[in-house]
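Take any residue in the sequence shown, note its place counting from 1, add 50, and you have its number in this note's numbering. First the structure, in the form of structure tokens, and then the observations on it.
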Amino acid sequence: MKSKKTFHSKPKSNSSKKETSNFEKFYKNSDKKELKEFSSKQLERLPLRKRNEGTLESKIEVTKARDLKVNKDSKRKVNAPNNYANTSSEDFRLNKYIAHCGLCSRREAATWVKAGKIQVNGQVMDNPSYIVQKTDKILYDGKSIRPEIHKVYILMNKPKNVVTTLSDEKDRRTVLDLLGDRVAERVYPVGRLDRNSTGLLLLTNDGDLAQKLAHPSHQIKKIYHVGLNKNLTKNDFDKIMQGLKLEDGFTKVDSMDYVDDKKG
């Protein structure tokens, strides 16, 4: 008879100062009244004071309406989000810019930059903190990249024998292979599941959300439901509580308990 265990992994501690994303500030300052729905055209006609009195959802629509207005007035294609054009240069270091292009998380982007995979105006740039200017031409693998306008969030029930990566040197099936051509935007997995693990996996092009969920400083716990082919002994229990060595490194276990799968 199979026994099942649930344990919680404890993220590695990080004493660095926690960064507050624009989305977090936006959500914190938003009221949570009854939801209101407005179309972009309706919002353009609302006085600015009325727009600011809306809920989180209506404020998001206001941003969309302003983007449409900029696009209409300039008669030019807007290649970057409105907040990119108006944000302070401090908010768009090179690694964050790459993450907003829907290629990877900020941490992975910093690794790419240090590895010499990114060019700025024809020159290899190895500084992830480089401040991106509006006139800069950023290349990854020789191809121009720009921040994604539309944010995409995909919840995948990852099957077994699929690797959580953008590409695999061993030519194994990846989570992006499962998507195929169903998604036009470039998305990447947030965190990872081992090849033999199954379950919930988030794929997105939202760099800020990926940073919030994946970075150790945010202390996001991960819960695993493990099926065993025999009962767990006290010795096994103690060893697991001391920590586990996974494919991507050592993981400390925060808590563990049995799950009763009996019906009725």
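Glycine included, each C-beta is placed from N, C-alpha and C at the ideal position.
Local conformation of residue i per DSSP, three classes
i	result
glutamine 292	coil
lysine 208	strand
aspartate 307	strand
threonine 161	helix
valine 19	One cannot answer for residue 19 here, as it falls past the ends of the chain, which runs 51 to 314.
alanine 130	At alanine 130 the pLDDT is 39, less than 50, meaning the model places this residue with poor confidence; the figure from the coordinates comes in the next sentence. Correct three-state label for alanine 130: coil.
arginine 222	coil
glutamate 84	Confidence at glutamate 84 is low in this model, with a pLDDT of 34, below 50, so the placement of that residue should be treated as unreliable; the coordinate-derived value is given next. Coil.
isoleucine 195	coil
arginine 143	strand
lysine 114	Confidence at lysine 114 is low in this model, with a pLDDT of 41, below 50, so its placement is unreliable and the value that follows should be read with caution. If DSSP states are grouped into helix, strand and coil, lysine 114 belongs with the helices.
arginine 99	Confidence in arginine 99 is poor, its pLDDT being 42 and thus under 50, which makes the residue's placement unreliable; the coordinate value appears in the next sentence. Arginine 99 falls in the helix class under three-state DSSP.
Straight-line gap, residue i to residue j (C-alpha atoms, nearest Å)
i	j	result
glutamine 292	valine 170	45 Å
tyrosine 308	lysine 193	50 Å
leucine 153	valine 237	6 Å
histidine 265	phenylalanine 300	16 Å
lysine 295	leucine 259	27 Å
lysine 146	alanine 160	9 Å
isoleucine 273	aspartate 231	31 Å
asparagine 279	phenylalanine 287	15 Å
asparagine 281	methionine 306	14 Å
aspartate 310	histidine 275	11 Å
leucine 189	methionine 206	30 Å
serine 217	arginine 242	13 Å
glycine 249	asparagine 285	28 Å
lysine 186	tyrosine 203	Residue identity differs from the one stated: residue 186 is aspartate in this sequence, not lysine. Looking at the two C-alpha atoms, the distance is approximately 28 Å.
leucine 39	arginine 222	This structure does not reach residue 39, given that the chain is present from 51 up to 314, and the question cannot be answered.
tyrosine 180	glycine 172	15 Å
serine 247	lysine 208	8 Å
lysine 201	leucine 263	16 Å
leucine 289	aspartate 304	Reading off the sequence, residue 289 comes out as lysine, not leucine. Taking the straight line from one Cα to the other gives about 13 Å.
aspartate 244	glutamate 219	16 Å
valine 174	lysine 167	7 Å
asparagine 211	lysine 184	43 Å
glutamine 269	glutamate 235	29 Å
proline 197	phenylalanine 142	11 Å
Opening and closing residue of the beta strand (DSSP E) in which residue i lies
i	result
valine 170	168-170
tyrosine 190	188-190
Buried or exposed by the 16-neighbour rule on C-beta atoms within 10 Å, applied to residue i
i	result
lysine 302	exposed
asparagine 255	buried
alanine 165	exposed
alanine 149	buried
arginine 156	buried
proline 239	buried
threonine 214	buried
leucine 226	buried
leucine 144	buried
glycine 257	buried
glutamine 261	buried
valine 163	buried
valine 182	buried
Worksheet entry | Every unbroken alpha helix (DSSP H) inside the segment 250-304 [4 residues or more] | 257-264 and 284-291
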